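Numbering (my numbering), first residue to last: 3 to 223.
Cβ coordinates follow ideal geometry from the N, Cα and C atoms, glycine included.
Computed from a predicted structure; not experimentally measured.
Report on the following structure.
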Amino acid sequence: MRGLGTRLWRDRSGLAAVEMALGLPVILMLGLWGAELGNLAITHMRISQIGTQLADNGSRIGDVSLLENLSIYESDINDILKGADIQSGSLELFKHGRVVISSLEVVPGTEDTQYIHWQRCKGKRAFQSNYGPEGTGLDGSLVGMGPPGDEVTAVDGDAVIFVEIEYAYQPIVSQRFVPNAVVRTIATFNVRDDRDLAQIYQRNPASPDPVARCTVYDDAV
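So this is what it looks like as structure tokens:
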């Protein structure tokens with residue numbers, strides 16, 4: 003027994019296996035955590051790109067005409083929302099998040115009083131604009147839209163398309179690595195051409211297109 007004990011004490015053949023068994027869980031956890039953080043960063047980038055694309059497209063839509071200001075239609079809004087849904091792909095933007103598109107304009111009859119003329123929304127997440135619903139600012143309470151001190155404003159006769167997105171991050175490994183992570187982004191573009199700011203029209207009033215109202219929480223596009 004004494005000889006056996008001595009041989010076992012001096013035996014180092016399983017040392018590497020023991021070290022691997024002790025260190026592997028730590029390495030695995032660090033690897034999975036890094037993968038989750040990397041995916042979160044990519045998701046932030048993708049949501050930001052979608053917001054920018056929505057604001058850019060929203061600033062460009064409208065019938066092409068050399069004789070009158072461009073009119074926009076509900077079908078135009080639905081098309082850019084459909085494009086955002088396609089662009090989001092596996093993120094399933096409207097299933098796990100929400101988009102709010104606002105048209106920031108100057109109250110008619112004033113020089114620079116800002117207000118939200120119209121808003122369109124899509125997505126199941128319980129989120130509304132941080133700056134209020136359409137009509138906000140008619141009483142002169144709205145400074146602009148954006149971070150305090152860096153608000154964007156519209157000029158008389160023009161409009162600014164302001165997009166807000168809130169998205170509940172969907173982990174690829176476990177929510178324990180990034181508990182309750184929420185991705186938020188904003189994007190804004192000035193309307194490119196002279197636009198008819200009176201309203202959003204229907205191409206065929208007899209058979210109107212769906213309106214992406216902000217009182218509805220769905221992902222149908």
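What is the rounded straight-line gap between the Cα of residue i and the Cα of residue j?
| i | j | result |
| --- | --- | --- |
| N192 | G36 | 38 Å |
| S105 | S61 | 9 Å |
| Q172 | N71 | 43 Å |
| V157 | G146 | 11 Å |
| R127 | L95 | 10 Å |
| S209 | L42 | 42 Å |
| Y169 | S92 | 13 Å |
| S90 | P181 | 22 Å |
| N80 | R48 | 20 Å |
| R178 | M31 | 11 Å |
| V101 | R215 | 11 Å |
| P150 | R186 | 16 Å |
| S73 | L56 | 18 Å |
| S50 | I188 | 7 Å |
| G125 | K97 | 6 Å |
| D58 | V28 | 45 Å |
| A200 | E76 | 13 Å |
| V184 | H46 | 9 Å |
| L226 | D152 | Within the shown structure, residues of the chain are numbered from 3 to 223, placing residue 226 beyond reach of any answer. |
| P110 | D141 | 12 Å |
In terms of alpha-carbon separation, which member of the options lies closest to residue i?
| i | options | result |
| --- | --- | --- |
| V175 | L30, L32, E38 and P27 | E38 |
| T217 | P207, Q130 and I202 | Q130 |
| D220 | I44, A183 and G99 | G99 |
| G159 | R122, N206, V108 and D78 | V108 |
| D196 | I88, A161 and G33 | A161 |
Taking the CB atoms as reference points, tell me whether residue i and residue j lie closer together than 8 Å.
| i | j | result |
| --- | --- | --- |
| T190 | V154 | yes |
| V223 | L83 | yes |
| E136 | I118 | yes |
| T115 | G139 | yes |
| R205 | D198 | no |
| V165 | I103 | yes |
Assuming the contact rule is C-beta atoms closer than 8 Å, residue i and residue j should be a hit. Round their C-beta distance to whole Å, please.
| i | j | result |
| --- | --- | --- |
| I202 | W120 | 6 Å |
| G53 | I167 | 5 Å |
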